[in-house]
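Per this note's numbering, the very first residue in the first sequence carries number 133; after that it's consecutive.
Reading through the structure tokens given below for one structure.
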Amino acid sequence: MLYHPENIENKWKKIWSDQKVYAVTPDPSKPKYYVLDMFPYPSGAGLHVGHPLGYIASDIVSRYKRLKGFNVLHPMGYDAFGLPAEQYAIQTGVHPAVSTAENIARYRSQLDNIGFSYDWSREVNTSEPSYYKWTQWIFLRLFSHYYDLTEDKAKSLDDLIGIFETSGSHGVSAAHSFEGSFTAEEWKTKSKVEQDKILMNYRLAYRKVGYVNWCEALGTVLANDEVKDGLSERGGFPVEKKAMTQWSLRITAYAERLLTELNDLEWSDALKTMQRNWIGRSEGARVFFGLDGHEDSIEIFTTRPDTIFGSTFMVLAPEHDLVQKITTSEQRSEIEGYIEYVNSRSERERMSEVKEVTGAFTGAYAIHPISKDKIPVWIGEYVLKDYGTGAIMAVPSDDERDDAFAKKFDLPIIPVVDKTDYPGSGKHDKEGKMINSGFLNGMEVKDAIKKMLEYIESHHLGKKEVNYKLRDANFSRQRYWGEPFPIVYDQEGVAHALDNDRLPLTLPDLQNFLPASDGRSPLARAEDWVTETDGFVRETDTMPGFAGSSWYFLRYMDPQNDQAFASQEALDYWKDVDLYIGGTEHAVGHLMYSRFWHKFLYDLGKVPTKEPFLKLINQGMIQGVIEYIYLKKEKENGLSLFVSKDRLEAWGGEESFSKLPVHIDFVEGYGGSKPHLNPKGINHFVQWRPEFVDAVFVGSTGDKMSVSEIETSENFMLYTESEVGKMSKRYYNVVNPDDVVARYGADCFRMYEMFLGPIEQSKPWDTKGIDGVQKFLRKYWSLFYEGDQWLVNRETPTGEEYKILHTTIKKIAEDIERFSLNTSVSAFMVCVNELKRLDCHKFDILEPLVRLLAPFAPFITEELWSALDQKGSVHHATYPELNPDYLVSDTVEYPVCINGKKRDDLAVSKDITQSDLESQVLALESVQKWLEGAQPKKIIIVPNRMINVVV
RNA sequence: GCCGAAGUGGUGGAAUUGGUAGACACGCUGGACUCAAAAUCCAGUGCUAGCAAUAGUGUGCGGGUUCGAGUCCCGCCUUCGGUACCA
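In structure tokens, the structure reads:
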């Protein structure tokens, strides 16, 4: 039989699915192992070759673990709510549910093509009402709970109300955003509306004012992603910050646990560091600065209370509540002009463009809490509303940004830390001796911080506090395609939870997906839906993408359950994810939110573990190569002009061109060294983009030619510009795995993706080496068959053959355990090359080799397994066992180095003594040559490793 | 800007704990088979000099530690990911 992957793969795909080979149920007799992939957003471009990189790796591990005797949960599903489907609906009128279902069907067939061992009966889809019922349910639990800081866990709001009724706001230590305090009596006299307002500020899901990117011209809120340089990416309209009341999740309540419980996870240090930095814990002081002529005071947080004597001015975030109140009439127009400028700036720009300092003076003065000096209050974009308290005491002598600000606006600088004893110490290093600081003078920074904290607390100027950079998560989106909030508002605007038996609250059907007036979500257009219940109106915002993805791994455990998000039984068996594979782009967002939701559910006693993901591997991205052609910005004689990359200089250089991404299918030598459009490519291009049919092209010869002239010219080449970037529909560079599988087979595709390099590494897609893997599979097959002839015999293997097999068994197991799958593919190649060299066709070698390769190439091995006349599926077999006896050798081959550089080899018996070895080394001709008669300074022998002679 | 990662032949990459740099492939060169092509097989292949033996040189750049550095330390450069409404 010849090796024809398409026949084999279609045959086994059907058998596996008919016989439900990969279905899994809880089985207490076996250890469980949960392997999870980050589920994909089903985009319109379909699955591209980058997605399966992680999926193949996790599939190999799943299959390996199964062979090792584990009960493996390995599911797949879809993160199906999202912006692109909604955009598509606006453009085409196709309902997001329809396009999403189509995209999912396409993803499914693409996934099936690659031979994954998913248990498809467990598929989840976050946009299905049966799924988002439970997303809404969890949201309502967040809505009806607060975080008790004494017990360090979430508790029911009813408990909180009980405490308020008996001891007022002082009776509880809770995470909250309520300003003020009250007694039990005061609480009881408050109206329902007032009580609700207070409770809202304690809920874990609460409402507050947040800022969104508002685009007046498009009448919609934009994602940061859709804003470029203060303009909307679509259309280039101005975008400004707009305040809106929105839902928010109090993730900050969990900051400390999210930080400390990170320690026990098997995640890379890089990833843990990213999460720690994102949480950004800092210890310092909350201090109040009084305002001259106002009752209000400015609340700041500082990690450097020791430098307070160096504080010569204050800076508020332009959005700070006090700004309007304290701005003097003389300064008002300046302040307003500045705020207008800031509103046009994205948060990203505000943080990154630090070299250009901007700000404005409010006209107001604060009173320094210790020196009682009057210091000016400014506003500046480098202070962000959501960081800390949205206000800082500026200490230009010890903070770089404050320093730049002071220099720009000519504000005083008082040095307070003498660093002469600490050469090389920067402003941010907490070291030095205090000067110009009253009672702190002469102290070391560390002691001064301690002393000042005591002073602040004893003088009631503020208090010691731990601050986190982590901010509460904005949980509202003014969109259609997301989970509706199970919330209604009464006539007084009080939010009420929907009863559990009213869940799921499903999305209303809409024809028009454009936002409603005033930036409200498209849901506001469904008036019947909004006002369905008497006297109540529904929330029209929807939940963000991370809602459904924050708990989907739990749903896989029991996906059809309609009584709970998953049964206790299923949760107790599967517990947590043993191995999670996904991209670094989720390093902080998704992974932080999931951990937060999981901990919340743990507090409620709904899940048995504190952390959801024990071990995590970040797969690199497979990038695409984007091919651009150069279009002259100004038309030539009314015609569009494209110029070959090597001819740009003659036409005004690169600046006078815009780069237009071109479909990679048209490009000859795509991704290679000289990619270009030939006459055929130009023809494809103008068919694809008919608006350029009259365009003029300057090829590498430098002549201007029309499309029809190019058609008759043989040597025409328009060089393109290649750039490594995202593989995405917008760059027309998506490579479909179906095409690769059709040509080479799924086994080859799987092994090639692994062979490309380490799983964590990003790299551009390239099929250059795929022939090597295809050759390997053919060679592997040829150990079993030559043409139609079956070659496998029952002869007893030689020691050498056993050694080859067991070396491979050892290497593959080690490689899988450390997720080095590229090197295991190499190991298989080495093994097959050697068996081929020995002309080995022995059953006792080949049968284990089939089981060994099965996780990597499930189809070819299943076929050969049945050809070997073995029972059942190879994927239900057991992993070959290593016998180390075959690996021992009685000689050691040492490399002999002179001064660290290898000059010779020396093979000696394993049991040789140190002195015998030394004399053998010195006797070597090559060593004698380097010694030139002298004695060696030193001989270093690393047992079984190497020998170094120092001369 | 800030946080994280990566950089090794013409190309993808290997080197697991500081110990033979370039495994395994692709590509290229030469050869066998063939009318020819495909497929397959054999040999060579970091760079420089040399017929060769061999020598020098070589892991982004500049320093350092060490008998020995791709690996550790210090300072840079470039690329990628994230930066809170892309997913």
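Just so you know, even glycine gets a beta-carbon here, dropped at the ideal spot from N, CA and C.
This structure is a prediction, so every number in the text was calculated from the model and none was measured.
Buried or exposed, going by whether 16 or more other CB atoms sit within 10 Å of the CB of A155? exposed
Cα-Cα separation, D1043 to S952: 33 Å
Suppose you measure from the CA of Q700 to the CA of T157; what does that come to, to the nearest Å? 14 Å
In whole angstroms, give me the CA-to-CA distance for P112 and H938. Residue 112 lies beyond the residue range present for the chain, which begins at 133 and ends at 1083; the question has no answer from this structure.
Going by CA-CA distance only, name the one from P990, F960, I330 and E855 that's closest to Y760. E855
Which residue from L1038, K1070, A696 and T1045 puts its Cα closest to that of A1055? L1038
What's the gap between the Cα of T1010 and the Cα of S1051? 49 Å
Beta carbon of Y173, beta carbon of Y196: below 9 Å? no
Which ranges would you report for the beta strand (DSSP E) in the region 483-548 if only whole runs of at least 3 residues count? 492-499, 506-511 and 523-526
Around the C-beta of L292, are 16 or more other C-beta atoms found within 10 angstroms, so that it is buried, or is it exposed? buried
Between the C-alpha atoms of T852 and I749, what's the straight-line distance to the nearest angstrom? 36 Å
Excluding sequence positions up to five away, which residues of its chain have a Cβ less than 6 Å from the Cβ of G752? E892, Q893 and S894
For F213 and T258, which I take to be in contact (beta-carbon distance under 8 Å), what is that distance rounded to the nearest angstrom? 6 Å
Starting from G422 and walking both ways along the beta strand (DSSP E), at which residues does that stretch end? R413 to L423
Could you pull the start and end residues of the beta strand (DSSP E) that R254 belongs to? Where R254 is concerned, there is no enclosing beta strand (DSSP E), given that its DSSP letter is neither H nor E.
Beta-carbon separation (whole angstroms), F271 vs Y684, contact threshold 8 Å: The Cβ separation is near 15 Å, so there is no contact.
Cβ contact check for the region 540-555 and the region 463-478: 3 or more pairs under 8 Å: no
Give me the DSSP bridge partner(s) of M837. F829
Span separating the alpha-carbon of P578 from that of F537: A quick correction: the sequence has Lys, not Pro, at residue 578. Their backbone Cα atoms lie some 26 Å apart in a straight line.
Can you grab the Cα-Cα spacing for the pair W661 / Y621, in whole Å? 13 Å
Do you know how far the Cα of E589 is from the Cα of E568? According to the sequence displayed, residue 568 carries Asn and not Glu. C-alpha separation (whole angstroms): 22 Å.
Using alpha carbons as the reference points, say which of Q407, T435, L888 and I1079 lies closest to R418. T435
Between A387 and D424, what straight-line distance do the alpha-carbon atoms span, to the nearest angstrom? 36 Å
Looking at the structure shown, is F433 part of a helix, part of a strand, or coil, going by DSSP? strand
On the premise that I458 lies in contact with A496, defined as a C-beta separation below 8 Å, what is that separation, rounded to the nearest angstrom? 4 Å
Just the Cα atoms here: how many angstroms apart are G737 and Y876? 50 Å
Any idea which residues DSSP pairs D280 with across the strands? K285 and A306
From Q1060, E1064 and V1024, pick the residue whose C-alpha is nearest to that of V1074; which is it? V1024
Whole-angstrom distance between Y705 and Y343, CA atom to CA atom: 43 Å
Of the residues W379, A959, D879 and E932, the one placed nearest A627, counting alpha carbons only: W379
To test your reading of the DSSP string, which unbroken beta strand (DSSP E) runs of 3 or more residues are found completely within the region 339-374? 352-354
May I ask which residues mark the beginning and end of the alpha helix (DSSP H) holding Y884? A878 to F887
May I have a chain-ordered list of the beta strand (DSSP E) segments no shorter than 3 residues that lie completely inside the region 136-185? 164-169
Delimiting residues of the beta strand (DSSP E) encompassing G1098: The structure shown does not extend to residue 1098, since the chain spans only 133 to 1083, so no value can be given for it.
Residue burial classification, M837 (beta-carbon count within 10 angstroms, cutoff 16): buried
Bridge partners of W922, per DSSP? Y917
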